[in-house]
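Numbering (my numbering), first residue to last: 15 to 243. Every residue gets a Cβ at the ideal spot worked out from N, C-alpha and C, and that includes glycine. Working notes, structure below.
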Ligand code: CO
């Protein structure tokens, strides 16, 4: 059975690693039967058609849920699919994907029921992840009126998941990597999607960005004057 240990072992299974290695041999043999050329092609080079920035959650595996194969997606995952401008890991992945691999589609994919987003909604106390999801609290503040008007907590969490993806798409569109690509005339699209754990379906939030837009600056009158306060 592909991508699934069957029967599913308990987490405490001391032989889990052996099962995984066995299953890998089965997978490799099956792939060689079904796509004899795949490994030899992929060993030469990669030319993925999209960069996926998603949550580390085990239930949101990008290849499986998009019906794609090894070599199709360049992937970066972290808790709550965050785009943090000081994250050298994410920035290096982005620069390589857009600059070297020539990717035209970047997808930020969140998911409903995200534990990282839930952690940001509650009181701090989860450990280091509190620091990582700190930005989601800012997303909440930005959209407080809308979010506070939603009484049902699950629905509020779901909306925060969507808004968080939209904000990460926005932040991604502010990176120097994308600005440089767009200013060079490259057609790169940044999409925001949310995955449903209950139905396995992706939802396009309709927040796609295709060009660099100047951010709101200070009013003209103060632009050249001294900074007060
Ligand atoms: Co998550």
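**OP:** Can you give me the Cβ contacts of residue 90 inside the same chain, cut-off strictly under 6 Å, excluding the 5 residues immediately before and after it?
**Re:** 67, 104 and 107
**OP:** Whole angstroms is fine: what's the gap from residue 160's alpha carbon to residue 75's?
**Re:** 30 Å
**OP:** Report the residue from 58, 64, 84 and 63 whose alpha carbon sits nearest the alpha carbon of residue 251.
**Re:** Residue numbering for the chain in the displayed model covers 15 to 243; residue 251 lies beyond these limits and cannot be assessed.
Subject >> Pocket of the ligand CO (residues with CB nearer than 6 Å to any heavy atom), chain order >> reply: 69, 71, 94, 125, 128, 129 and 130
**OP:** From the DSSP output, read off the bridge partner residues of residue 218.
**Re:** Note: residue 218 is bridge-paired with 207 in the DSSP secondary-structure output.
Original post:
Got a sec? Which residues, its chain only, sit under 8 Å from residue 238 by beta carbon, not counting five neighbours each side?
Top reply: In this predicted model, residue 238 has a pLDDT of only 49, less than 50, meaning its place in the structure is not dependable; the value taken from the coordinates is given anyway. Result list for residue 238: empty, nothing under 8 Å.
Original post:
Is residue 206 buried or exposed, if buried means 16 or more other CB atoms sit within 10 Å of its CB?
Top reply: buried
**OP:** Pick out whichever of 34, 72, 31 and 120 has its Cα sitting closest to the Cα of residue 183.
**Re:** Closest by alpha carbon: 120.
**OP:** Scan the region 145-199 and note each continuous alpha helix (DSSP H) run of 4 residues or more that stays entirely inside, going in chain order.
**Re:** 148-156, 158-162, 167-187 and 190-197
Original post:
DSSP three-state call for residue 64: helix, strand or coil?
Top reply: strand
Subject >> Straight-line Cα distance separating residue 122 from residue 63 >> reply: 14 Å
**OP:** For residue 64, verify whether its CB is less than 8 Å away from any heavy atom of the ligand SAM.
**Re:** As for the ligand SAM, it is missing from this structure, which binds only the ligand CO.
Subject >> Stretch-stretch touch, CB-based, cutoff 8 Å, three pairs: the region 190-202 with the region 152-168 >> reply: no
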